[in-house]
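Colleague:
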Amino acid sequence: MVSPVACLADGYRYSSLRDDYWHVSQSDYVGSAECDNRGPSDEQQYETLNAGHLLYLVLDSKHPNPLYRSPITEPQRVLDIGTGPGTWAIDVADQFPSATVYGVDLSPPPTTWVPPNCFLQVDDILQDWTWQEKFDLTHMRLLLGAFSDAEWAEVYRKCFDGLKPGGYIEQVELDVRVMSDDGSLDPDSLLAGWGQNFLDCAQRAGRALDTQLTMKAKIEAAGFVDVQEHLYKCPIGSWPKDKLLKDAGRINLAHWSSGLEGWAMFLLTRWGAPEPWTADEARVYVANVRDELKKPGLHIWHYTRRVWGRKP
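Per the working numbering, residue 21 is the first one in the sequence shown, and the count goes up by one each step.
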């Protein structure tokens, strides 16, 4: 394994194996605009990812297997790409003790204990894969902005090649735009413009955030068949009357609130318009958006899309 390169950007730690993408100043330890990793790897961001994991467990709690939709009842080898804190990989390893589960990411996870059948590794999946045996299931979640279009094509090709015949790929990505069905979200609010702001930043960075709209076609183009999808409307806040959705919304509000600043610092201070924002400008913006999230009477939500397909 290659040691990760790390830098600090306004208090947030960003990490990458691809040291050729980093230009770190020894005087201030701030990554340049060429930094390619999608978001911070600090402890708060791991808490954000754990909240996201819990959100989808709640939303899929009535499904026979809330961890994935692929029709695999007894997987023996599982790969989780972009594993973050490793929560999904650990849960799968717990559920299937006879399986061997690998979780990989560019940054070392903070996890201190994993099941004996779970292995969390620091690696770059764009490099040559070194696993000797093929997988039954390859899983990805919240990797929007992680790769360029050309890199996504390479990722899906590697996933296809790394699966056994009959194995499945499964990916879950969210839409960064916040929406409302009843007009409770002011179209001129910062919150209403949040998603488009970040879509534009990512477009300038060459790493689009609209992955949830493009992944199905790219997975099919890689050779997968029987590709299916499920679209979620994820509430933000405890406004739904349905108990399950109310619980999901409460978790999702924490998910959004804890993750705002890390994403803003990374994208706005590098790719903001009309020029990169200062750290103070980004902090004020985040504080105002966070205040809007707490506004009474808001009935807001965002889409999340789950796609899964089979290798022939």
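In this text, a Cβ means the ideal position worked out from N, Cα and C, and glycines have one as well.
If you draw a straight line from the C-alpha of Trp108 to the C-alpha of Ala241, how long is it?
Modeller: Counting from 1 along the sequence shown, the entry for residue 108 is found at position 88. Counting from 1 along the sequence shown, the entry for residue 241 is found at position 221. One C-alpha to the other measures close to 27 Å.
Colleague: What number of angstroms, rounded off, separates the C-alpha of Arg326 from the C-alpha of Met160?
Modeller: As a position in the sequence shown, residue 326 is number 306, starting the count at 1. As a position in the sequence shown, residue 160 is number 140, starting the count at 1. Distance between the alpha carbons of Arg326 and Met160: 10 Å.
Colleague: Give the list of continuous alpha helix (DSSP H) stretches no shorter than 4 residues that lie fully inside the stretch 169-212.
Modeller: The stretch 169-212 contains these whole alpha helix (DSSP H) runs: 169-182.
Colleague: Provide the residue span of the alpha helix (DSSP H) that contains Ile271, from first to last.
Modeller: Residue mapping note: residue 271 aligns to position 251 of the sequence shown, counting from 1. Looking at the DSSP string, the run of the alpha helix (DSSP H) that includes Ile271 is 263-291.
Colleague: Val121 bridges to which residues according to DSSP?
Modeller: As a working mapping, residue 121 is identified with position 101 in the sequence shown. In the DSSP output, where bridge partners are listed per residue, Val121 has Val98, Cys138.
Colleague: Note down, in chain order, each residue of its chain lying with its Cβ closer than 6 Å to the Cβ of Lys253, except the 5 sequence neighbours on either side.
Modeller: As a working note, residue 253 is residue 233 in the sequence shown. Closer than 6 Å at Cβ, skipping near neighbours: Trp321.
Colleague: What are the residues that DSSP puts in a beta bridge with Thr158?
Modeller: Against the sequence shown, residue 158 aligns to sequence position 138. In DSSP, Thr158 forms a bridge with Leu99, Ile189.
Colleague: Based on Cα-Cα distance, which residue from Asp169, Ser277, Ala268, Arg197 lies nearest to Ala237?
Modeller: Taking the first residue of the sequence shown as position 1, residue 237 is located at position 217. Among Asp169, Ser277, Ala268, Arg197, the Cα nearest to that of Ala237 belongs to Asp169.
Colleague: Using only alpha-carbon positions, find the residue among Arg290, Pro105, Leu79 that is nearest to Lys266.
Modeller: Within the sequence shown, residue 266 is the residue found at index 246, counting from 1. Selected option, being the one with the closest Cα: Leu79.
Colleague: Using a Cβ-Cβ cutoff of less than 6 Å, which residues in the same chain neighbour His319 once the five nearest sequence positions on both sides are dropped?
Modeller: Residue 319 sits at position 299 when you count from the first residue of the sequence shown. Ser200, Asp202, Ser204, Trp259.
Colleague: With H, G and I counted as helix, E and B as strand and the rest as coil, what does DSSP make of Thr231?
Modeller: The residue you call residue 231 lines up with position 211 of the sequence shown. When secondary structure is reduced to three states using DSSP, Thr231 falls in the helix class.
Colleague: I'd like the list of long-range same chain contacts for Ala302, defined as Cβ closer than 7 Å, with 5 residues on each side in sequence excluded.
Modeller: Working through the sequence shown from its first residue, we reach residue 302 at position 282. Counting only Cβ-Cβ distances below 7 Å, and skipping sequence neighbours, we find Ala284, Met285, Leu288, Thr289.
Colleague: To the nearest angstrom, how far is the alpha carbon of Pro255 from that of Asp114?
Modeller: The residue you call residue 255 lines up with position 235 of the sequence shown. The residue you call residue 114 lines up with position 94 of the sequence shown. Near 29 Å, if we compare the C-alpha coordinates of Asp114 and Pro255.
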